[in-house]
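Participant: I'd like to ask you about the structure that follows.
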Amino acid sequence: MIEPLVRAPAAAVDLLVRGAHVLDPRTGLDGLHDVLVREGEIAEVGAPGSLEAPAGTEVVDGAGRHLFPAFVDPHVHLRVPGQEHKEDFETGTRAAAAGGYCAVVAMPNTSPIVDSAPGLRSLRDAAARDARIPVGFMPAITRGLMGQELTEMAELREQGALGFTDDGRPVVSAGMLRKALQYQRLCGGVIALHEEDPSLSGAGAMHEGTVSALLGVAGIPSISESTMIARDCAIAGYEGARVHMQHLSAHESVTAIRAAKAEGVQVSCEASPHHLLLTHEAVRTLDTRMKMNPPLRTEEDRQALIAGLLDGTIDCIATDHAPHARDEKEVPFEQAPMGTTGLETAFAAVYTGLVQPGVLPLALVVEKLTSGGGLLGLPVPRIERGAPANLVLVDLAAAWEAGAEGWASRSANNCFTGRTLSGRVLLTVAAGSVAYRERAFALTPA
Amino acid sequence: MDHLLSIEDLDRAAIERICDRAASFSEVADREIKKVPALRGRTVLNLFYESSTRTRSSFELAAKRLSADVVNFAASGSSVEKGESLKDTILTLGAHKPDAIVIRTPWAGSAELVSRWTPAAIVNAGDGKHEHPTQALLDVHTLRSRLGALDGKRIWIVGDVLHSRVARSNILAFQKMGAHVTVAGPPTLIPRGIEALGCDVRFDLRDLPEADVVYALRMQHERMDQAWVPSLREYAAVYQVNGKRLQPHQVLMHPGPVNRGVELSGEVVDSPQAVITAQVEAGVVVRMAVLYEVLAGNRAKDRTPITAAGAPA
């Protein structure tokens, strides 16, 4: 199999980060250290002030700052091909790097759908020209996301498919999903599922509950998601297959996954920053930035997602970064497309909303923001000698207003716009190359 | 008041002010020349994205009785069908310098959205299944004329609450006026969570005799396609307000148009308890009062012109 991640050529960096608080829950680092990167690889981790910068190495003052393994997002929409007015590889990976990400995984619901090997190859070629950080691809489970015929999964895997998903739509037919899971024995690759029963979600545009009752907007009941998760966990268990549940939103879904995991089903799942931080109360004003699928649900659901992160039921935080052009979102709520951008705000929003108030430990958040790729079979970023440099340097104390300085993404439909967030990404190193530097943050030559 | 976007925005005092002004306008309809010059030289634009005869003509008549100029803009056969967005339509129509835009759309929140894109006063004539504030105001006005104050009155709203903007506005308006509201209808057509609005929920009409006012909603034939109820026959058997169910002391209301033999039996429509025609009459004077309120009443502030680049906040 070929390397599943692709990016544009970039120079390997030589860098010394001095005296930052290094936090990597996997290697156990949690204190002040120097980290030396040579030719894109972590060459040394030492006591603060102990490492010397070889000639030509850039030196970063890490004092008062935090250095984490860079984040990996298993669920983003980069809109290539066909919807480049919303986002493209250049802008999408710029946004990702600005948010501290060193790799992202792109969904296939583009125009046309990514469901053939030639389509995947051309995308990889484009990413090899335009992507600032490594991008992986999840082609469709079924042709055209129509739920009728499997894609040529074996060939797609040979061409670098990380796994498969019909994201944006559920695999409605249990029989169809079962065939895909059986076929997984041949070709491997995680099957990632957008869970929603269309006979329950119907024309719904927001969570079904007290707010939708007040607004007269058709609701999407939480059982639309949880019943499909329970069904598909049962099918996966029966077939011994490996599935990943995307963007959990409902407390019943957390319960279903917790039960499936206890039964030994090979299931992992993700939650998004917006579902962890917002509820359907945010939809009261019918702000179209608050319209996403699955919808923002209740405080009880939000608390269940947080509990799921804490007890390990939820494996990772994924943004479901879904850019839409301004004129597409500047319409009545019911007409607006679903989705919020999230790459540039994920860490700061979760840090501000959940770490600062003491709800989640910082180390857990770093773990959940870095684990998404590993669930799909990618190496997990680590801060240790010999590892490729995937690093993010953050000033936790720096407050900024989301969106006030514009966005790196081509789109501005971010649900945290206008909020004051703490935690500013200063520098992102992805696969050994500098992918992002905060404007005001200059490096000093040694 | 700059706009009339929802009943949710109004307090009891505002509702009473509008109804009082409507009462003062009601003698205009009895004059030989049914016109006052209050809004002479003002332009009112009726922008309707859904077919409507009575609401649109009621607004048109109200504006004309106040001597305003009226332009009707229906979405069918217009630029809207050619794919123009709501925002572009509003910006384009803005070139006609309307002082007020009366808007009905199938989308919740559209009146509020439009109010950010134009300096004109916006009157919500129905936004999706969200609100229909002038209907609620005319219903309050009708009841005040009939009953005096609404305080302590028990009002039952019967029928398809799920798909009804009239129900949502009326629940809020009747409660703000001190009434106690119960909604009743098939469980499939009562939205989950509606009790959060402060109303009681019933799924049959056993306790209907407790009501002082029975407000029947229109049961739309198109609901049959999606199996919301098994049949109109069964619906009528359980939920029709008829001579057996309606008590002599009760006032009967309906927003129109009535499906005789479905939500209401013919006998109750024609009974003296029904105030359906009075509601239609109240429609014109209440809409006169609303247009007067947003165009000539106290304005909170000068309208700031919004450019094409102005994004919603």
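From first to last, the protein sequence lines are chains F and R. With this note's numbering applied, the first sequence corresponds to residues 1 to 446, in that order. With this note's numbering applied, the second sequence corresponds to residues 1 to 313, in that order. All C-beta atoms in this analysis are idealised placements derived from N, C-alpha and C, irrespective of residue type, glycine included. Computed from a predicted model, the values in this text were never measured in an experiment.
#1: Going by Cα to Cα distance, which pick from F:210, F:29, F:25 is closest to residue 196 of chain R?
#2: What residues from chain F crowd round residue 193 of chain R, counting only those whose CB sits closer than 9 Å?
#3: Which two residues bound the contiguous alpha helix (DSSP H) that contains residue 370 of chain F?
#4: Going along chain R in order, which residues have a C-beta closer than 8 Å to the C-beta of residue 52 of chain F?
#5: Which residues, in chain order, does the region 113 to 135 of chain R contribute to contact with chain F at a C-beta distance below 7 Å?
#6: Which residue wins for smallest C-alpha separation from residue 15 of chain R, given the options R:290, R:296, R:84?
#7: Can you tell me which of F:36, F:291, F:424, F:157 puts its alpha carbon nearest to the alpha carbon of residue 65 of chain F?
#8: So within the region 320 to 349 of chain F, which uninterrupted alpha helix (DSSP H) runs reach at least 4 residues, ignoring any that extend past its ends?
#9: Given a cut-off of 7 Å, decide if residue 296 of chain F and residue 473 of chain F are closer than it, judged by their beta-carbon atoms.
#10: Can you list the residues of chain F that residue 87 of chain R reaches, using a CB-CB cut of under 9 Å?
#11: Determine which residues of the region 175 to 204 of chain R have a Cβ less than 8 Å from any Cβ of chain F, and write them out in chain order.
#12: Can you have a look at residue 238 of chain F and say buried or exposed, based on whether 16 or more other CB atoms are within 10 angstroms of its CB?
#13: Please classify residue 302 of chain R as buried or exposed, where buried requires at least 16 neighbouring CB atoms within 10 angstroms.
#14: Given that residue 281 of chain F touches chain R, what residues does it touch there, using C-beta distances under 8 Å?
#15: Just list the alpha helix (DSSP H) runs in the region 141 to 199 of chain F, keeping only unbroken ones of 4 residues or longer that don't cross its boundaries, in chain order.
#16: Since residue 132 of chain F and residue 97 of chain F are thought to touch, with beta carbons under 8 Å apart, how far apart are those beta carbons, to the nearest angstrom?
#17: Between which two residues does the beta strand (DSSP E) containing residue 245 of chain F stretch?
#18: Just tell me which of F:28, F:60, F:27 has its CA closest to the CA of residue 36 of chain F.
#19: Residues of the region 159 to 174 of chain R with a CB closer than 7 Å to any CB of chain F: list them in chain order, please.
#20: Output the boundary residues of the alpha helix (DSSP H) element that contains residue 66 of chain F.
#21: Could you name each continuous beta strand (DSSP E) segment of 3 residues or more that falls completely within the region 125 to 205 of chain R, going from the start of the chain to the end?
#22: Give me the Cα-Cα distance between residue 403 of chain F and residue 287 of chain F, rounded to the nearest whole angstrom.
#23: Around the C-beta of residue 86 of chain F, are 16 or more other C-beta atoms found within 10 angstroms, so that it is buried, or is it exposed?
#24: Which same chain residues, not among the five before or five after residue 127 of chain F, have their C-beta less than 6 Å away from its C-beta?
#25: For residue 228 of chain R, would you say it is in contact with chain F, using Cβ-to-Cβ distances shorter than 7 Å as the test?
#26: If we cut at 7 Å on Cβ distances, does residue 299 of chain F have a partner in chain R?
#27: So is residue 249 of chain R buried or exposed if we call it buried at 16+ other beta carbons inside 10 Å?
#28: Using DSSP's beta-bridge definition, name the partner residues of residue 252 of chain F.
#29: Mapping DSSP to helix, strand and coil, what is residue 40 of chain F?
#30: For residue 215 of chain R, name the three-state secondary structure that DSSP assigns.
#31: Under the DSSP definition of a beta bridge, which residues are partnered with residue 249 of chain R?
#32: In terms of residue numbering, what span does the beta strand (DSSP E) encompassing residue 231 of chain R cover?
#33: Any beta-carbon of chain F closer than 7 Å to the one on residue 13 of chain R?
#34: So what does DSSP say about residue 58 of chain F, is it helix, strand or coil?
#35: Going by the CB atoms, is the gap between residue 300 of chain F and residue 251 of chain F shorter than 7 Å?
#36: Taking 7 Å as the CB-CB cut-off, is residue 335 of chain F touching chain R?
Facilitator: Taking the definition as stated:
#1: In the second sequence, the residue the question calls residue 196 of chain R occupies position 196. Cα-wise, what sits closest to residue 196 of chain R is F:210.
#2: Within the second sequence, numbered from 1, the residue matching residue 193 of chain R stands at position 193. Those are 208, 209, 210, 211, 212, 213, 214, 219, listed as they occur along chain F.
#3: Taking the first residue of the first sequence as 1, we reach residue 370 of chain F at position 370. Segment 362 to 370, the alpha helix (DSSP H) holding residue 370 of chain F.
#4: Reading the first sequence from its first residue, position 52 is the one you call residue 52 of chain F. Those within 8 Å of residue 52 of chain F in chain R number zero; the least Cβ separation is about 51 Å.
#5: 113, 128, 129, 130
#6: By 1-based counting over the second sequence, the position of residue 15 of chain R is 15. Residue R:290 is the option with its Cα nearest to residue 15 of chain R.
#7: Position 65 of the first sequence holds residue 65 of chain F. Taking only the C-alpha atoms, the option nearest residue 65 of chain F is F:424.
#8: 326 to 329
#9: No answer is possible for residue 473 of chain F: the residues shown for chain F start at 1 and end at 446.
#10: Start at 1 with the first residue of the second sequence, and residue 87 of chain R comes out as number 87. The contacting residues are 327, 330, 331.
#11: 191, 192, 193, 194, 196, 197
#12: Working through the first sequence from its first residue, we reach residue 238 of chain F at position 238. Per the 10 Å Cβ criterion, exposed.
#13: Counting from one through the second sequence, the residue named residue 302 of chain R turns up at place 302. Legend: pLDDT at residue 302 of chain R = 47, less than 50; position of this residue unreliable, value from coordinates given subsequently. Classification for residue 302 of chain R: exposed.
#14: On the first sequence, residue 281 of chain F is found 281 positions in, with the first residue counted as 1. Near residue 281 of chain F there are no residues of chain R at all, since even the closest Cβ is about 12 Å away, more than 8 Å.
#15: 153 to 158, 174 to 187
#16: Residue 132 of chain F sits at position 132 when you count from the first residue of the first sequence. Residue 97 of chain F sits at position 97 when you count from the first residue of the first sequence. So it is a contact: roughly 5 Å between Cβ atoms.
#17: Your numbering for residue 245 of chain F matches position 245 in the first sequence. 242 to 245 is the span of the beta strand (DSSP E), which, as asked, contains residue 245 of chain F.
#18: On the first sequence, position 36 is the one that residue 36 of chain F refers to. The shortest C-alpha separation from residue 36 of chain F is found at F:60.
#19: 165, 168
#20: As a position in the first sequence, residue 66 of chain F is number 66, starting the count at 1. Premise fails: residue 66 of chain F lies in the beta strand (DSSP E), 66 to 69, not in any alpha helix (DSSP H).
#21: 154 to 158, 180 to 184, 200 to 202
#22: On the first sequence, position 403 is the one that residue 403 of chain F refers to. On the first sequence, position 287 is the one that residue 287 of chain F refers to. So the alpha carbons of these two residues sit roughly 16 Å apart.
#23: Your numbering for residue 86 of chain F matches position 86 in the first sequence. Classification for residue 86 of chain F: buried.
#24: Numbered from 1 along the first sequence, position 127 holds the residue referred to as residue 127 of chain F. The residues are 6, 89, 135.
#25: The residue you call residue 228 of chain R lines up with position 228 of the second sequence. So no, residue 228 of chain R is outside the interface.
#26: Here residue 299 of chain F refers to the residue found at position 299 when the first sequence is read from its first residue. No, residue 299 of chain F lies away from the interface with chain R (no Cβ there is under 7 Å from its Cβ).
#27: What you label residue 249 of chain R is simply residue 249 of the second sequence in a count that begins at 1. Answer is exposed; the Cβ neighbour count stays below 16.
#28: Locating residue 252 of chain F in the first sequence gives position 252, where the first residue counts as 1. Paired residue(s): none; residue 252 of chain F is not in a bridge.
#29: For the purposes of this step, residue 40 of chain F is identified with residue 40 of the first sequence, where counting begins at 1. Residue 40 of chain F falls in the coil class under three-state DSSP.
#30: As a first step, residue 215 of chain R must be located in the second sequence, where it is residue number 215. Three-state DSSP puts residue 215 of chain R in a strand.
#31: Translated into the one-based positions of the second sequence, residue 249 of chain R becomes position 249. Partner(s): none; residue 249 of chain R has no beta bridge.
#32: As a position in the second sequence, residue 231 of chain R is number 231, starting the count at 1. Counting along the chain, residue 231 of chain R falls outside any beta strand (DSSP E), and DSSP gives it neither H nor E.
#33: As a working note, residue 13 of chain R is residue 13 in the second sequence. Residue 13 of chain R does not count as touching chain F.
#34: Along the first sequence, one-based indexing puts residue 58 of chain F at 58. DSSP places residue 58 of chain F in strand when its eight states are reduced to three.
#35: Within the first sequence, numbered from 1, the residue matching residue 251 of chain F stands at position 251. Within the first sequence, numbered from 1, the residue matching residue 300 of chain F stands at position 300. Yes. Within cutoff.
#36: As a first step, residue 335 of chain F must be located in the first sequence, where it is residue number 335. Residue 335 of chain F counts as touching chain R.
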